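Structure, as structure tokens:
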Amino acid sequence: MIFKDTLMTSKDIKGIIILTTFAVVTALIFNHLSPNGIAFFGQWDKKNGVINANGKEHTVDNAIEILSPKIVRQMIRSHERTIIDVRSRYEYNQGHLPKALSFPLMEFDDNVPQMMATIKPHDPILLYCSSAECDSSHTFAEHLKLMGFVDVKVFSGGVAQWQDAGYEVEKNEG
Amino acid sequence: MRLKKMKGKYTEAMVFIVKLIIGITFIYASYHKIENPEAFARIIYGYEIFPHATINIFAIIIPFIELTVGFSLILGWFPRSALLIINSLLFLFILVVGFNLIRGHEFDCGCFAANPANQTLSNVYVLVRDMVLLGGGLFLFRNIRAS
Numbered sequence: 001m002i003f004k005d006t007l008m009t010s011k012d013i014k015g016i017i018i019l020t021t022f023a024v025v026t027a028l029i030f031n032h033l034s035p036n037g038i039a040f041f042g043q044w045d046k047k048n049g050v051i052n053a054n055g056k057e058h059t060v061d062n063a064i065e066i067l068s069p070k071i072v073r074q075m076i077r078s079h080e081r082t083i084i085d086v087r088s089r090y091e092y093n094q095g096h097l098p099k100a101l102s103f104p105l106m107e108f109d110d111n112v113p114q115m116m117a118t119i120k121p122h123d124p125i126l127l128y129c130s131s132a133e134c135d136s137s138h139t140f141a142e143h144l145k146l147m148g149f150v151d152v153k154v155f156s157g158g159v160a161q162w163q164d165a166g167y168e169v170e171k172n173e174g
Numbered sequence: 001m002r003l004k005k006m007k008g009k010y011t012e013a014m015v016f017i018v019k020l021i022i023g024i025t026f027i028y029a030s031y032h033k034i035e036n037p038e039a040f041a042r043i044i045y046g047y048e049i050f051p052h053a054t055i056n057i058f059a060i061i062i063p064f065i066e067l068t069v070g071f072s073l074i075l076g077w078f079p080r081s082a083l084l085i086i087n088s089l090l091f092l093f094i095l096v097v098g099f100n101l102i103r104g105h106e107f108d109c110g111c112f113a114a115n116p117a118n119q120t121l122s123n124v125y126v127l128v129r130d131m132v133l134l135g136g137g138l139f140l141f142r143n144i145r146a147s
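Right, dumping it as structure tokens:
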């Protein structure tokens, strides 16, 4: 009967419950055991810093973030920290925070000698990337910590929040 | 009589092929999401539709639902139930992708690759593909007998 076959039967409903339960239980067990597992709740509010899923292997540490562009501006003016732009050289040239140095994350290994000639492990560092949706400044911070840097902070909002706050960016023409 | 028999065999073959296509598609689509739930969670965030509190839960559970129903359909364990879930998921995907296309929001569908650099399918193509799959799912549901 075609008509009967297009309707949901009690066996279909039972199957949905069994399949869904199996999938959910397997998902929870796998997520718990997997090294790539994530927490039940992530940090998805840009107001609270760089967004991330709170994975077991995640590099985002919201505790080292500076959320306010105003504080970052004060730091730049007082030369309190060395500012590092971790985006690509092209993005840096398009517009970067005043006095920021360019050390792209993508070229990290190649730039280590030049970087170590410019900054020292005891120097206070402030890293940033494009916005609170990128975590490359946190990855960069991890690399620096492994190299012995002790005072590394991240400006969570990056260039996007800096410009939204109405602050000027420096451009490198050519 | 002979024609009816031939039509039945043709439908049977079509059911087998469509079942394989949809089942494999769902299994394949689940793979990278299971491998990298963090990237999949980011993709769900990118849709800008779901409440923040649900993003990780969806990222953990949806891939395993896709995997389970894919295998279930191919192996014939509660195939109609699997189809009901598949068709509901496809309907939801169509709604979500369609909604973002209408409001002009750029996003990575995250269908077959968690890395946006590998995302070559345009979102319109994704919408059409999901519609075709849903058509296949409805065809199967109509042609797999309720026992």
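Protein chains in written order, with the numbering used here: chain G, 1 to 174; chain V, 1 to 147.
Where a beta carbon is used, it is the ideal one built from N, C-alpha and C, also for glycine.
Please read these numbers as outputs of a predicted model, since none were measured by experiment.
Practice task
Please list, in chain order, all residues of the same chain as K99 of chain G whose beta carbon is under 7 angstroms from its beta carbon, the five residues on each side excluded.
Solution key: Taking the first residue of the first sequence as 1, we reach residue 99 of chain G at position 99. The residues are I76 and I83.
Exercise for the section: For the alpha helix (DSSP H) containing D85 of chain G, list its first residue and its last residue. Expected result: In the first sequence, the residue the question calls residue 85 of chain G occupies position 85. In the DSSP assignment, D85 of chain G falls outside any alpha helix (DSSP H) and within the unbroken beta strand (DSSP E) covering T82 to D85.
Problem - Rounded straight-line distance, which links the Cα of A141 of chain G to that of R80 of chain V - result: Taking the second sequence and counting its residues from 1, one reaches residue 80 of chain V at position 80. Taking the first sequence and counting its residues from 1, one reaches residue 141 of chain G at position 141. In this structure, the straight-line span from the alpha carbon of R80 of chain V to that of A141 of chain G is close to 51 angstroms.
Handout entry: Assigned secondary structure, E57 of chain G (DSSP; H/G/I helix, E/B strand, else coil)
Key = Taking the first residue of the first sequence as position 1, residue 57 of chain G is located at position 57. Looking at E57 of chain G - three-state DSSP - the assignment turns out to be coil, as it is neither helix nor strand.
Problem - Sub-8 angstroms separation of G136 of chain V and I21 of chain V beta-carbons - result: Within the second sequence, numbered from 1, the residue matching residue 136 of chain V stands at position 136. Within the second sequence, numbered from 1, the residue matching residue 21 of chain V stands at position 21. Yes; because the gap between Cβ atoms is below 8 angstroms, this pair is in contact.
Exercise for the section: Please check the pair I61 of chain V and A23 of chain G, which I expect to be a contact at CB under 8 angstroms, by giving their CB distance rounded to whole angstroms. Expected result: Position 61 of the second sequence holds residue 61 of chain V. Position 23 of the first sequence holds residue 23 of chain G. The pair is a contact, with the Cβ atoms about 7 angstroms apart (cut-off 8 angstroms).
Exercise for the section: Using a Cβ cut-off of 8 angstroms (strictly closer), state whether D164 of chain G contacts chain V. Expected result: Translated into positions along the first sequence, residue 164 of chain G becomes position 164. Not closer than 8 angstroms to any Cβ of chain V, the Cβ of D164 of chain G fails to qualify, so no.
Handout entry: Partners in chain G for F64 of chain V, counting only beta-carbon separations shorter than 8 angstroms
Key = As a position in the second sequence, residue 64 of chain V is number 64, starting the count at 1. Within 8 angstroms Cβ-Cβ: A23, V24, T26, A27 and F30.
Problem - Partners in chain G for H52 of chain V, counting only beta-carbon separations shorter than 7 angstroms - result: The sequence position of residue 52 of chain V within the second sequence is 52, counting from 1. Going along chain G in sequence order, the residues near H52 of chain V (Cβ under 7 angstroms) are W44 and D45.
Problem - Test: H96 of chain G CB closer than 8 angstroms to a CB of chain V - result: Position 96 of the first sequence, counting from 1, holds the residue named residue 96 of chain G. Look at H96 of chain G: its C-beta is not under 8 angstroms from any C-beta on chain V.
Practice task
Kindly identify the DSSP beta-bridge partner or partners of Y128 of chain G.
Solution key: Taking the first sequence and counting its residues from 1, one reaches residue 128 of chain G at position 128. DSSP lists G:D85 as partners of Y128 of chain G.
Handout entry: Continuous beta strand (DSSP E) stretch holding V154 of chain G: start and end
Key = Here residue 154 of chain G refers to the residue found at position 154 when the first sequence is read from its first residue. Run containing V154 of chain G: V152 to F155, per the beta strand (DSSP E) assignment.
Exercise for the section: Could you check what DSSP says for H32 of chain V in three-state terms: helix, strand or coil? Expected result: By 1-based counting over the second sequence, the position of residue 32 of chain V is 32. The answer is helix: DSSP assigns H32 of chain V an H, G or I state.
Problem - Helix, strand or coil at E65 of chain G according to DSSP, with G and I counted as helix - result: Within the first sequence, the letter at position 65 stands for residue 65 of chain G. Residue state, collapsed to three classes: strand.
Practice task
Taking all protein chains shown into account, decide if I34 of chain V is buried (16 or more other Cβ within 10 angstroms of its Cβ) or exposed.
Solution key: Residue mapping note: residue 34 of chain V aligns to position 34 of the second sequence, counting from 1. Classification for I34 of chain V: buried.
Exercise for the section: Answer with buried or exposed for F155 of chain G, where buried requires no fewer than 16 other C-beta atoms within 10 angstroms of its C-beta. Expected result: As a first step, residue 155 of chain G is located in the first sequence; it is residue number 155 there, counting from the start. Buried is the call here.
Practice task
For chain V, find out if any of its Cβ atoms is closer than 8 angstroms to the Cβ of G55 of chain G; answer yes or no.
Solution key: Looking up residue 55 of chain G in the first sequence gives position 55. Chain V has a Cβ within less than 8 angstroms of the Cβ of G55 of chain G.
Handout entry: Own chain partners of C129 of chain G with C-beta closer than 7 angstroms, once the 5 adjacent residues on each side are dropped
Key = Here residue 129 of chain G refers to the residue found at position 129 of the first sequence. These residues qualify, in order along the chain: V86, R87, S136, S137 and G158.
Exercise for the section: State the DSSP-derived secondary structure class of I38 of chain G, mapped to helix, strand or coil. Expected result: Position 38 of the first sequence holds residue 38 of chain G. Strand, per DSSP.
Handout entry: Distance between F40 of chain V and V199 of chain G (C-alpha atoms, nearest Å)
Key = Any answer about residue 199 of chain G is impossible in this case: the structure gives chain G only from 1 up to 174.
Practice task
Check whether the Cβ atoms of F99 of chain V and L19 of chain G lie closer than 8 angstroms to each other.
Solution key: Position 99 of the second sequence, counting from 1, holds the residue named residue 99 of chain V. Position 19 of the first sequence, counting from 1, holds the residue named residue 19 of chain G. Contact flag unset, no.
Problem - Own chain partners of I13 of chain G with C-beta closer than 6 angstroms, once the 5 adjacent residues on each side are dropped - result: If you number the first sequence from 1, residue 13 of chain G lands on position 13. Cβ neighbours of I13 of chain G beyond the five flanking positions: none.
Practice task
Kindly list the residues whose CB is nearer than 8 angstroms to the CB of D130 of chain V, restricted to its own chain and excluding five residues on each side of it in sequence; keep chain order.
Solution key: The count along the second sequence starts at 1 and reaches residue 130 of chain V at position 130. Counting only Cβ-Cβ distances below 8 angstroms, and skipping sequence neighbours, we find L90, F93, I94 and V97.
Practice task
Output the boundary residues of the alpha helix (DSSP H) element that contains H96 of chain G.
Solution key: Residue mapping note: residue 96 of chain G aligns to position 96 of the first sequence, counting from 1. In this chain, H96 of chain G is not harboured by any alpha helix (DSSP H), its DSSP state being neither H nor E.
Problem - DSSP state of L89 of chain V mapped onto helix, strand, coil - result: Walking along the second sequence from the start, residue 89 of chain V turns up at place 89. Note: L89 of chain V maps to helix in three-state DSSP.
Practice task
Express the C-alpha separation of L144 of chain G and I24 of chain V in angstroms, rounding to a whole number.
Solution key: By one-based count along the second sequence, residue 24 of chain V stands at place 24. By one-based count along the first sequence, residue 144 of chain G stands at place 144. Straight-line Cα distance between these residues: approximately 44 angstroms.
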